[in-house]
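Each step along the sequence shown adds one to the number in the working numbering, with nothing skipped, and position 170 is 160.
We put the beta carbon where it would ideally sit given N, CA and C, even for glycine.
The block underneath contains the structure these notes are about, expressed in structure tokens.
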Amino acid sequence: EPEGAGRSRWEMVMLPSLNVKGVRSGWVGAEARTIVPDVAVADLDFRLVADVRPERQVERLTAHLRAQGYHVVHEEPDAATRLAHPRLVRLAARTGYPAVRTPMGHPAARAVLDAVRRAARDDVVAIPTMGGSVPGYVFPELLGATFVNLPIVNPDNNQHSPNENLRLGDFFDGIVLLAAAMRVDFDRVRSATEPPEGRTR
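Right, here's the structure in full:
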């Protein structure tokens, strides 16, 4: 059965996922040998969505591994642990941070989108999520502010690759679009969404 159970790509990116970034085991080339390797290493990452905490996903992965019959440890196992547990997994979780998403209909998002549309030379593409990892959660969680992301790069920019690039046209257009977004009167947007004094939202 295809992954996603018939959902479109846009539906799929709205869901959390577990990605296998790489797997290593054994030896190849000049180091190849005819023995079974004792260790296999996989590097995974979680793609999160709003209201899904990274710690919870680690707990879910741990529970899944245990359900498959593995003994899960978090430090390098010693010889006694290896002998006692033939199905052994070391799970080393690195730090992460939660996802953030501002609804497309939020007044701040609409204000930025309207400003960008007025300033843009071409049609503006608005999507409810973005690829990559950005610690935007600090704005709503720590500052009580709304987070809106305004990417300016060309779609084929090859981020984090040897040939990462930004076309000059997109760079200069980006300056115009960011300037338009910075001119939005967010105090007026905020006052328009706040309840009258004495009432709560």
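- [ ] Might you give, ordered along the chain, the residues of its own chain that have their beta carbon closer than 8 angstroms to the beta carbon of L167, omitting 5 neighbours on each side?
- [x] Reading the sequence shown from its first residue, position 177 is the one you call residue 167. V106, A109, A110, L140, I142.
- [ ] Report yes or no: do the segment 92 to 106 and the segment 149 to 163 share at least 3 C-beta pairs separated by less than 8 angstroms?
- [x] no
Task: Helix, strand or coil at S15 [DSSP, three-state] - done: The count along the sequence shown starts at 1 and reaches residue 15 at position 25. Looking at S15 - three-state DSSP - the assignment turns out to be strand.
- [ ] Use the C-beta contact count for L73: other C-beta atoms within 10 angstroms, 16 or more gives buried, fewer gives exposed.
- [x] Counting from 1 along the sequence shown, the entry for residue 73 is found at position 83. L73 comes out exposed.
- [ ] Just tell me which of D68, N147, L78, G126 has its CA closest to the CA of R56.
- [x] Against the sequence shown, residue 56 aligns to sequence position 66. If we check each option's Cα against that of R56, L78 comes out closest.
Task: L133 versus T119 - alpha carbon distance - done: Residue mapping note: residue 133 aligns to position 143 of the sequence shown, counting from 1. Residue mapping note: residue 119 aligns to position 129 of the sequence shown, counting from 1. One C-alpha to the other measures close to 21 angstroms.
TODO: Report the three-state DSSP secondary structure of L78 (helix, strand or coil).
DONE: Position 88 of the sequence shown holds residue 78. Correct three-state label for L78: strand.
Open item on the list: With a threshold of 8 angstroms on Cβ separation, who are the neighbours of A135 within its own chain once the five nearest residues in sequence on each side are excluded?
Closed with: In the sequence shown, counting from the first residue as 1, residue 135 sits at position 145. For A135, where only same-chain residues beyond five positions count, the Cβ hits under 8 angstroms are F129.
Task: Rounded separation between T71 and L81 - CA only - done: As a working mapping, residue 71 is identified with position 81 in the sequence shown. As a working mapping, residue 81 is identified with position 91 in the sequence shown. Distance between the alpha carbons of T71 and L81 is about 14 angstroms.
TODO: Tell me the start and end of each unbroken alpha helix (DSSP H) in the segment 86 to 118 that is at least 4 residues and wholly inside, in chain order.
DONE: 97 to 109
- [ ] Tell me whether P76 is buried or exposed, calling it buried when 16 or more other Cβ atoms sit within 10 Å of its Cβ.
- [x] Along the sequence shown, one-based indexing puts residue 76 at 86. Per the 10 Å Cβ criterion, exposed.
Task: N- and C-terminal bounds of the beta strand (DSSP E) containing H61 - done: Position 71 of the sequence shown holds residue 61. H61 -> beta strand (DSSP E) spans 61 to 63.
Task: Endpoints, the alpha helix (DSSP H) within which R(-1) is located - done: Along the sequence shown, read from residue 1 onward, the residue named residue -1 stands at position 9. Run containing R(-1): -1 to 2, per the alpha helix (DSSP H) assignment.
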